[in-house]
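*Asks:* Start counting the sequence shown at 24; every next residue gets the next number (my numbering).
The following block contains the structure, expressed as structure tokens.
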Amino acid sequence: MEGDVMKVRQETEEISRIIVSSSFEGMTSVEGINALSGVIMDLKSAVASAKVSQQQLEATATRLRLAANSLNQPGQPIWLQYYKLIREDLNAMEQSGATNDLAGWKTAVERLQGRYENIRPAVIVSRKPEVVNAFDSWLSYAAGIPSSSQKIERARLLEIVSYGQDTVRVMFGKEKDEPALSVPLASQEFGIWGGLAAGFIIAVLA
């Protein structure tokens, strides 16, 4: 494990140097560059900690791999494969809202938050800031519903879910519901930026 961590640290430093020396003009927004840099900083923190968490390394590696892939394949980034999973969480929220089951709502939202955390840097790289902000705001509001001091009626819960479904369609570029892979990160080429990220990912997962 120690050898793997050292390799991850070396790969992380190399990727950091590449990021600093590269120009992303026309490839992503300032927010996208900041998101990519943020994931690299998260990885640096993870490998620099006294007690390295394998789970944390894997999660951070996934976020960086997806973000890097968004730079290389802007037309069809791999994070789009999360669409069906996120729709499943929205459906679970809808079912909970229909019965005013706030415990079920909370579980579904937390699952959605976990999945969105994986793809958020990649989404920021790919999408306009207003699209990201719209979903972030909705998710934050939805997550606060179970702890609200006021009773939220069934109709309002369903309205909240409906708005979330709309923001997800916009974020994923869906004009209508389309089939999507149920398992994200299917076997595909990650391209040059994904390849750079893959070096330390392989070390982490070995």
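Don't be surprised by glycine CBs; every beta carbon is placed ideally from N, CA and C.
Keep in mind the model is a prediction, meaning the values are calculated, not measured.
1. Is it buried or exposed for Y105, if we count other Cβ within 10 angstroms and need 16 for buried?
2. What do you reckon, are the CB atoms on V132 and A82 nearer than 8 Å?
3. Using only CA atoms, which one of L108, G120, A90, R88 lies nearest to K174?
4. Could you say which of R150, E54, G167 lies nearest to R192 if we only look at CA atoms?
5. Could you tell me if T190 is buried or exposed, where buried requires 16 or more neighbouring beta carbons within 10 angstroms of its beta carbon?
6. Helix, strand or coil for Q78? Go by DSSP, reduced to three states.
7. State the Cα-Cα distance for the pair A91 and A145, rounded to the nearest angstrom.
8. Is P152 buried or exposed, if buried means 16 or more other CB atoms sit within 10 Å of its CB?
9. Short check: CB of I142 to CB of L94, under 8 Å?
*Replies:* Let me spell this out:
1. Counting Cβ neighbours within 10 Å, Y105 comes out buried, since at least 16 surround it.
2. In this structure, V132 lies away from A82, with their beta-carbon atoms at least 8 Å apart.
3. For K174, the nearest C-alpha among the options comes from G120.
4. Out of R150, E54, G167, R150 has the C-alpha closest to the C-alpha of R192.
5. T190 should be labelled buried.
6. Helix.
7. Approximately 7 Å between the Cα atoms of the pair.
8. Exposed, because fewer than 16 other Cβ atoms sit within 10 Å of the Cβ of P152.
9. Contact flag unset, no.
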